[in-house]
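Participant: Sharing a structure below in structure tokens format, with a few things to ask.
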Amino acid sequence: MFINGSKVTDDFYDKGANYWKTVDATIDGMLGGFAHISNIDIKGSKKFLSQFIEPLNPPDKKKVPIDHQLKSENKRRALDCGAGIGRVTKNLLLDFFHVVDLLDVNQSFLEEARNHIGPDIYDKRIGQAYCSSLHEFKPNEGIEYDVIWCQWVTGHLTDTHFIDFLLKCRQILKPDGLIIIKDNHTSSDEIDDDMNDSSVTRPHWLYKDIFTKAGLNLISEKRQYQFPKGLYPVRMFAMKAEKIELNQK
């Protein structure tokens, strides 16, 4: 296997999965020792997501209990890819979606998600918990998503499998659904390989190239600010499988 000329051995995915088996099922573990950036991260994500979807209970409107909303036939549903213990689901996605499905390669993380999110909320609002790598993910038939959220996980895919995964995501989106990717990118035009967790960090241009090859149209992108110096730049990309004018900030 190759990623733009960077040789990836056949055990690329096994090494990545084995790395995550050594990581604690905590916020600090999910964020590689940077638990202190979680609130800043969530704040930036909420602002970005709010461009497209209104929270379930907007602050300027009368609050409708979620239990009542869950009785509606028009429930919003999201898929959290690389969900881990449910940090993004708990603090972001459940504010916007009635039901969230979790996807992660590590079973112990998914089991901890029930405790992290809270058993009552988990039982009512978490739909499926898929234990799978992204490139082997097989969604249940008949489920469609308003948003597929992928954060800090696509670096564990080869370029070819990244494109294949996005093509698969297109098939399970609702007609007006979004794929949102939030991830690191290099400051150069080169790929950085991380042998520790068996992942890659792609340059900005390569993300766009992959999105185009997957037949996706980038409708908005924004950089995440206020992270500590020394970290990779982080960007959020929102895409649809149709032609829409780009709004880049």
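All residue numbers in the sequence shown are consecutive under the working numbering, ending with 236.
Where is the CB? At the ideal position from N, CA and C, for every residue including glycine.
Applying the 10 Å Cβ sphere with the 16-neighbour rule, what's the burial state of residue 208?
Facilitator: As a working note, residue 208 is residue 221 in the sequence shown. Buried, because 16 or more other Cβ atoms sit within 10 Å of the Cβ of residue 208.
Participant: So the alpha helix (DSSP H) residue 106 belongs to, where does it begin and stop?
Facilitator: The residue labelled residue 106 in the question sits at position 119 within the sequence shown. Start and end: 106 to 112.
Participant: At a cut of 8 angstroms, does the stretch 44 to 56 reach the stretch 68 to 79 through at least three beta carbon pairs?
Facilitator: no
Participant: Over what stretch of residues does the beta strand (DSSP E) that includes residue 160 continue unbroken?
Facilitator: Within the sequence shown, numbered from 1, the residue matching residue 160 stands at position 173. Element bounds for residue 160: 160 to 171.
Participant: Pop quiz: residue 108 and residue 89 are said to be a contact at Cβ under 8 angstroms. What is the actual Cβ separation, rounded to whole angstroms?
Facilitator: Here residue 108 is taken as the residue at index 121 of the sequence shown, counted from 1. Here residue 89 is taken as the residue at index 102 of the sequence shown, counted from 1. Rounded, the Cβ-Cβ distance is 13 angstroms, inconsistent with contact.
Participant: With DSSP run on the structure shown, which of helix, strand or coil describes residue 226?
Facilitator: As a first step, residue 226 must be located in the sequence shown, where it is residue number 239. Here residue 226 sits in strand by DSSP.
Participant: Can the beta-carbon of residue 19 be found less than 9 angstroms from the beta-carbon of residue 143?
Facilitator: Numbered from 1 along the sequence shown, position 32 holds the residue referred to as residue 19. Numbered from 1 along the sequence shown, position 156 holds the residue referred to as residue 143. Going by beta carbons, residue 19 and residue 143 fall outside the 9 angstroms limit.
Participant: Closer than 8 angstroms is the cut-off here; do at least three beta carbon pairs connect the stretch 145 to 157 with the stretch 193 to 209?
Facilitator: Touching, yes, given that three or more Cβ pairs across the two stretches are closer than 8 angstroms.
Participant: Let me know the secondary structure DSSP gives residue 189 once reduced to three states.
Facilitator: Counting from one through the sequence shown, the residue named residue 189 turns up at place 202. Residue state, collapsed to three classes: coil.
Participant: Here's the rule I'm using: 16 or more other beta-carbon atoms within 10 Å means buried, otherwise exposed. How should residue 51 be labelled?
Facilitator: Along the sequence shown, read from residue 1 onward, the residue named residue 51 stands at position 64. Classification of residue 51: exposed, given that the 10 Å Cβ count is below 16.
Participant: Taking its Cβ as the centre, do 16 or more other Cβ atoms sit within 10 Å of residue 85, making it buried, or is it exposed?
Facilitator: For the purposes of this step, residue 85 is taken as the residue at position 98 of the sequence shown. When all chains shown are included, residue 85 counts as buried.
Participant: Once DSSP output is grouped into helix, strand and coil, what is the label at residue 89?
Facilitator: Taking the sequence shown and counting its residues from 1, one reaches residue 89 at position 102. Of the three classes helix, strand and coil, the one that applies to residue 89 here is strand, per DSSP.
Participant: Counting C-beta neighbours from all protein chains within 10 Å, is the total for residue 192 16 or more, i.e. buried, or is it exposed?
Facilitator: Against the sequence shown, residue 192 aligns to sequence position 205. Answer is exposed; the Cβ neighbour count stays below 16.
Participant: Given this structure, state the Cα-to-Cα distance separating residue 1 from residue 131, to the nearest angstrom.
Facilitator: Reading the sequence shown from its first residue, position 14 is the one you call residue 1. Reading the sequence shown from its first residue, position 144 is the one you call residue 131. Taking the straight line joining both Cα atoms gives about 29 angstroms.
Participant: Compute the Euclidean distance between the alpha carbons of residue 76 and residue 177, then round it to the nearest angstrom.
Facilitator: As a working mapping, residue 76 is identified with position 89 in the sequence shown. As a working mapping, residue 177 is identified with position 190 in the sequence shown. So the two alpha carbons sit approximately 32 angstroms from each other.
Participant: Specify the secondary structure class of residue 14 as computed by DSSP and reduced to three states.
Facilitator: Within the sequence shown, numbered from 1, the residue matching residue 14 stands at position 27. Looking at residue 14 - three-state DSSP - the assignment turns out to be helix.
Participant: Which of the three DSSP states, helix, strand or coil, is assigned to residue 63?
Facilitator: Taking the first residue of the sequence shown as 1, we reach residue 63 at position 76. Here residue 63 carries a coil assignment [DSSP, helix/strand/coil].
Participant: On the three-state DSSP scale, how would you describe residue 58?
Facilitator: As a first step, residue 58 is located in the sequence shown; it is residue number 71 there, counting from the start. Correct three-state label for residue 58: coil.
Participant: Does the stretch 24 to 39 come within contact of the stretch 210 to 225, defined as at least 3 CB pairs closer than 8 angstroms?
Facilitator: Short answer: they touch.
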